[in-house]
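Residue numbers (the UniProt record's numbering), protein chains in the order written: chain C, 1 to 270; chain Z, 1 to 268; chain D, 1 to 236. One structure is given below, encoded as structure tokens.
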Amino acid sequence: MSGNTTTLAVPAAPRPKLKPAGLIAIGIWIAVAIAFVFYFVQAFDVTLIERFGMKYLSGLWVTVSLVAVSFVCGAIVSLPVALGRMATNPIARALSFAFVYFFRGTPLIAQIFLIYYGFGQFHGFFETIGLWWFFREAWYCGLLSLALNTAAYQAEILRGAIESVPKGQWEGGRSLGIPRLVIFFKIVLPQALIVALRPYANEIILMIKASAIVAIITVYDLFGETRQAYSRTYDFQTYVWAALLYLAIVEALRHATNWAERRLTRHLKR
Amino acid sequence: MRLAQSFALAAALSALLAGAAVAQESDADKDWSTVRIGTEGAYPPFNFLDASGELKGFDVDIAKALCEHMKVECTFVTQDWDGMIPALQNGNFDAIIASMSITPEREEQIAFTNKYYNTPPAIAVPKDSEVTEATDEALSGKAIGAQVSTTHARAAAALFPDADIRQYPTAEEYKLDIENGRLDAVMDDVVVLDEWVKSDEGKCCKILGTLPADPQIYGKGVGIGLRKGNDKLKEMFNKAIAEIREDGTYEKIQGQYFDFDVYGAETK
Amino acid sequence: MNESLTLLGFGSTGWGDDLARGVLVTVSLSLATLPIGLVLGFLLSLAKQSEDALLKLSADIFTTIFRGLPELLTLFLVYFGINAALKSASQATGLPDIALSSFVSGMVALGVVFSAFASEVFLSAFRAIPHGQREGGLSLGLGRAKVMLLVILPQLIKIALPGLANLWMNLLKDTALVSVIGLADILRQAGIAARVSREPFLFFGTAIVLYLILTIISSFAIGGIDRWTKRGEVAK
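Here you go:
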């Protein structure tokens with residue numbers, strides 16, 4: 001950026017003038033912050049932390065582990081789906097398209113209800129095929145719906161990323177006599193994943209947020225514990241704690257992604 | 001100057017928001033010609049929606065009778081159980097008639113009328129269950145269902161600390177889940193469970209027994225929830241409860257639902 | 001099978017009319033939220049490009065908060081928090097009570113979330129429009145407002161459309177969350193029907209099909225708008 005061929009005398013940037021719109025806007029935020037601090041000082045209750053602190057932590061752990069496991073499961077499922085989307089076989093294309101459309105076109109909360117309560121109706125059938133132990137647990141039902149849902153989104157991320165890798169990479173590999181599978185895993189996928197890093201990180205963030213829904217099917221994740229604490233105390237700060245925790249995770253993830261992206265693309269910078 | 005202005009605005013806003021935290025309610029000088037009643041609509045036989053989606057049940061009939069005696073017009077608002085108290089406080093309706101027990105924890109938030117019924121809690125298990133007694137030992141590690149933020153959920157956690165307590169948004173969901181085998185036991189009001197095990201849906205299960213109602217958790221029976229300071233409406237409801245107890249309306253309504261007394265021992 | 005048809009039918013024995021009312025609520029909530037989200041999102045994107053650092057910061061704080069919170073939590077914060085604040089504000093000032101219904105709470109919460117995401121879509125669309133467009137408009141003697149309205153906005157809508165279409169789909173799906181605070185939308189009606197009839201699979205399945213139909217209709221509508229915005233382009 002910093003050209004050193006000619007040195008232009010850049011006039012010192014004028015001090016930015018304070019304008020009313022900005023002042024009012026920031027004033028509102030300052031007001032909200034003050035009101036918040038005020039509210040917290042006044043409502044803060046150590047006994048609440050004693051009563052619910054550990055529960056929040058265990059809820060946080062449930063949220064994190066649920067998202068992590070379903071993200072990985074979703075990634076595995078997404079691979080064949082993404083390949084199906086790009087396949088020449090019309091049946092594979094149609095099936096993978098239907099999968100993606102179904103899970104992206106309907107609310108996750110409805111999918112969770114269908115899997116938890118809807119499948120519960122057929123417990124006799126699941127018992128005979130030996131799968132009831134899975135559908136019996138709310139945690140597994142939440143995991144399944146989250147994993148299938150994210151698989152649909154991840155398939156599209158993966159497809160977009162793979163298609164972003166120039167055709168020449170395939171052709172080059174072929175001309176060197178490298179088998180297709182090896183080209184895919186060793187040449188195309190690594191390049192695709194750099195492109196996909198940010199969308200993947202966004203997907204994790206979306207999942208952390210979406211996972212709050214499992215609280216409704218009796219899983220005590222962070223949101224579940226929060227509702228629990230609220231229903232015992234009717235104290236609004238229980239929700240505020242949860243909000244701060246969620247924001248902290250999401251922001252941490254966002255900054256970690258920025259950092260990782262900068263590192264991974266160092267070789268692309270000039 | 002501009003800076004000063006926006007700080008003034010900020011201060012005014014924060015005063016408003018801070019006021020939010022300390023303000024006291026007062027319905028004292030309102031003329032109650034119409035009363036909005038919040039109920040759940042998912043707690044048969046006390047309040048539920050029938051097949052045509054209409055609100056029915058003991059709570060609903062009692063509420064209608066009370067309103068008739070108070071000579072006020074009543075409208076019903078359905079509200080999910082776990083948002084019932086905030087919705088009352090926020091003014092979405094004026095009274096809760098939804099089988100809500102008068103507990104010390106709730107009395108910190110809202111006011112209650114005298115009780116209008118009081119029945120003990122019970123525990124139900126599948127008919128083929130190996131659990132034969134309602135003790136922590138027998139239920140250790142078992143999944144017990146109850147409705148979220150109810151006295152029963154609290155009592156289950158207190159009585160059976162080694163069990164896995166699952167909390168459901170409404171009673172209907174835990175019923176579905178014990179029917180399909182996700183739960184080993186459920187805990188609720190004896191009347192609710194009794195009605196259910198006698199019905200077609202509840203044929204999976206039986207009542208294991210009633211449990212002693214710990215007054216610390218269960219309080220003084222079921223009352224009508226009102227905003228704190230709403231003494232006028234409280235007086236009106238208390239008078240009407242006494243009246244329907246006197247003139248036989250209560251027995252008539254009770255007779256439509258139960259063949260036993262749900263009011264419990266006279267208090268005071 | 002017949003039994004299912006009766007349950008899904010209209011009239012007093014079936015839940016068809018309740019579900020139809022739910023569809024109406026879902027659609028009207030989405031449609032009512034959309035303009036709020038679009039306008040607020042547009043204003044936020046203007047603020048983010050502003051030279052006024054404070055305005056920019058304020059807009060960024062807004063986006064950070066409402067993109068980072070779970071939608072369900074935002075909904076609860078609005079429903080319980082704003083209502084409590086309104087209640088005491090009305091008491092402090094002596095004005096009559098105002099309480100946000102679950103519909104309005106849903107509108108506010110989802111509108112705010114929509115606008116946080118939409119501001120980013122608008123922002124990148126703004127950046128895709130060459131500076132020359134604006135300068136050209138100004139040099140033709142058009143006022144700043146006219147340049148925005150006649151030159152920038154039409155191009156902006158075209159560029160932002162795919163991103164906004166995605167947000168619309170998300171909005172449509174997120175309305176299902178409002179059922180948790182008691183709005184009688186598709187999912188809630190399905191839930192009530194499932195409880196009363198004890199056919200959760202049938203009713204939650206029907207709900208999903210209804211959402212799918214709404215999504216498909218939306219895709220067609222968006223396709224139509226897309227063709228309309230591109231009508232000026234040379235046919236390929």
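Idealized CB from N, CA, C, for every residue including glycine.
Original post:
Going by C-alpha distance, which of C:Ile-194, C:Glu-156, C:Arg-180, C:Ala-155 is nearest Val-165 (chain C)?
Top reply: It is C:Ile-194 whose Cα lies nearest to the Cα of Val-165 (chain C).
Subject >> Cα-Cα separation between Ser-252 (chain C) and Pro-20 (chain C), rounded to whole angstroms >> reply: The sequence as given places Ala at residue 252 (chain C); Ser does not occur at that position. For Ala-252 (chain C) and Pro-20 (chain C), the distance between alpha carbons rounds to 33 Å.
Subject >> CB contact check: Thr-39 (chain Z) to chain D, cutoff 8 Å >> reply: False, the Cβ-Cβ gap to chain D never drops below 8 Å.
Original post:
Hey, how far is the Cα of Ala-196 (chain C) from the Cα of Leu-158 (chain C)?
Top reply: Across the structure, Ala-196 (chain C) and Leu-158 (chain C) are spaced so that their CA atoms are roughly 7 Å apart.
**OP:** Would you grab the beta carbon distance between Thr-113 (chain Z) and Gly-221 (chain Z) for me? Rounded to a whole angstrom, and I think it's under 8 Å.
**Re:** Wrong, their Cβ atoms sit about 11 Å apart, outside the cutoff.
**OP:** Starting from Lys-48 (chain D), find everything on chain C with Cβ-Cβ shorter than 8 Å and list it in chain order.
**Re:** By Cβ distance, chain C contributes nothing, its closest Cβ being about 11 Å from Lys-48 (chain D), past 8 Å.
Subject >> Near-chain C residues of the region 84-99 of chain Z (beta-carbon distance less than 9 Å), N- to C-terminal order >> reply: Cβ contacts with chain C come from Ile-85, Pro-86, Gln-89.
**OP:** Have a look at Ile-222 (chain D) and Cys-67 (chain Z) and give me their C-alpha separation to the nearest angstrom.
**Re:** Rounded to the nearest angstrom, the two C-alpha atoms are 52 Å apart.
Original post:
Is the CB-CB distance between Ala-146 (chain Z) and Asp-188 (chain Z) below 8 Å?
Top reply: Yes, these two residues count as a Cβ contact at 8 Å.
**OP:** Look at the alpha carbon of Leu-183 (chain D) and the alpha carbon of Val-23 (chain D), and state the distance between them as a whole number of angstroms.
**Re:** Those two C-alpha atoms are separated by around 12 Å.
Original post:
Around the Cβ of Ile-98 (chain D), are there at least 16 other Cβ atoms within 10 angstroms (buried) or fewer (exposed)?
Top reply: Per the 10 Å Cβ criterion, exposed.
Subject >> Coil, strand or helix - Phe-99 (chain C) by DSSP >> reply: Correct three-state label for Phe-99 (chain C): helix.
Original post:
Thinking C-alpha only, which one of C:Pro-190, C:Leu-66, C:Phe-113, C:Gly-74 is nearest Ile-216 (chain C)?
Top reply: Answer by Cα proximity: C:Phe-113.
Original post:
Relative to chain D, which residues along the region 175-193 of chain Z have a C-beta separation below 9 Å, given in chain order?
Top reply: Within the region 175-193 of chain Z, contact with chain D at the beta-carbon level (separation under 9 Å) is assigned to Lys-175, Leu-176, Glu-179.
Original post:
Counting along the chain, where does the beta strand (DSSP E) carrying Ala-98 (chain Z) start and finish?
Top reply: For Ala-98 (chain Z), the enclosing beta strand (DSSP E) stretches over residues 95-101.
Original post:
Helix or strand or just coil, what does DSSP make of Trp-259 (chain C)?
Top reply: Residue state, collapsed to three classes: helix.
Original post:
From what residue to what residue does the alpha helix (DSSP H) around Glu-235 (chain Z) run?
Top reply: Counting along the chain, the alpha helix (DSSP H) containing Glu-235 (chain Z) begins and ends at 231-246.
Original post:
Taking all protein chains shown into account, do 16 or more other C-beta atoms lie within 10 angstroms of the C-beta of Asn-83 (chain D), making it buried, or fewer, making it exposed?
Top reply: Buried, by the Cβ-count rule.
Original post:
What's the C-alpha gap between Ala-122 (chain Z) and Tyr-263 (chain Z)?
Top reply: Note on geometry: alpha-carbon atoms of Ala-122 (chain Z) and Tyr-263 (chain Z) lie some 17 Å from one another.
Original post:
Among all the DSSP beta bridges, which residues are the ones paired with Lys-115 (chain Z)?
Top reply: Its beta-bridge partners are Z:Gly-223.
Original post:
By the criterion of Cβ-Cβ separation under 9 Å, what are the contact partners of Ile-222 (chain D) in chain C?
Top reply: Simply none; closest approach about 13 Å.
Original post:
By the criterion of Cβ-Cβ separation under 9 Å, what are the contact partners of Asp-231 (chain Z) in chain D?
Top reply: Within chain D, not a single residue places a beta-carbon under 9 Å from that of Asp-231 (chain Z); the smallest gap is close to 17 Å.
**OP:** Note down the Cα distance separating Leu-183 (chain Z) from Ala-98 (chain C), rounded to an integer number of angstroms.
**Re:** Approximately 35 Å, taken between the alpha carbons.
Original post:
What are the start and end residues of the beta strand (DSSP E) that includes Glu-105 (chain Z)?
Top reply: Glu-105 (chain Z) -> not in any beta strand (DSSP E); alpha helix (DSSP H) instead, spanning 104-107.
Original post:
Measuring CA to CA, which of Z:Glu-137, Z:Lys-239, Z:Arg-227 is closest to Glu-108 (chain Z)?
Top reply: The shortest C-alpha separation from Glu-108 (chain Z) is found at Z:Arg-227.
Original post:
Out of curiosity, what's the CA-to-CA distance linking Thr-229 (chain D) and Val-64 (chain C)?
Top reply: Straight-line Cα distance between these residues: approximately 43 Å.
Original post:
Among C:Phe-103, C:Tyr-140, C:Pro-107, C:Gly-160, which one has its Cα closest to the Cα of Leu-189 (chain C)?
Top reply: Of the candidates C:Phe-103, C:Tyr-140, C:Pro-107, C:Gly-160, the one whose C-alpha sits nearest the C-alpha of Leu-189 (chain C) is C:Gly-160.
Original post:
Excluding five sequence neighbours on each side, which residues of the same chain lie with their C-beta closer than 7 Å to the C-beta of Val-25 (chain D)?
Top reply: So the list reads Leu-183, Ala-184, Asp-185, once near-sequence residues are dropped.
Original post:
Given a limit of 7 Å on CB to CB distance, which residues of the region 235-265 of chain C reach chain D?
Top reply: Those residues of the region 235-265 of chain C that come within reach of chain D (Cβ to Cβ, closer than 7 Å) are Phe-236, Tyr-239, Ala-242, Ala-243, Tyr-246, Leu-247, Val-250, Glu-251.
**OP:** Pull up the distance between the alpha-carbon of Ser-199 (chain Z) and that of Ile-61 (chain D), whole angstroms please.
**Re:** Taking the straight line joining both Cα atoms gives about 55 Å.
Subject >> Span separating the alpha-carbon of Arg-198 (chain D) from that of Pro-169 (chain Z) >> reply: Roughly 16 Å between the two C-alpha positions.
Subject >> Element boundaries [alpha helix (DSSP H), containing Tyr-230 (chain C)] >> reply: Start and end: 222-233.
**OP:** Measure the CB-CB distance between Trp-132 (chain C) and His-123 (chain C) and report whether it falls below 8 Å.
**Re:** Closer than 8 Å, so yes.
**OP:** Report the residue from C:Asp-235, C:Gly-84, C:Ala-260 whose alpha carbon sits nearest the alpha carbon of Ala-151 (chain C).
**Re:** Measuring from the Cα of Ala-151 (chain C), the nearest candidate turns out to be C:Gly-84.
**OP:** Could you tell me the distance, in whole angstroms, from the CA atom of Ala-87 (chain Z) to the CA atom of Gln-79 (chain Z)?
**Re:** Approximately 8 Å, taken between the alpha carbons.
Subject >> Proximity winner among Z:Val-148, Z:Gly-91, Z:Val-192, Z:Asp-162, relative to Asn-118 (chain Z) (alpha-carbon distances) >> reply: Nearest option by C-alpha distance: Z:Val-192.
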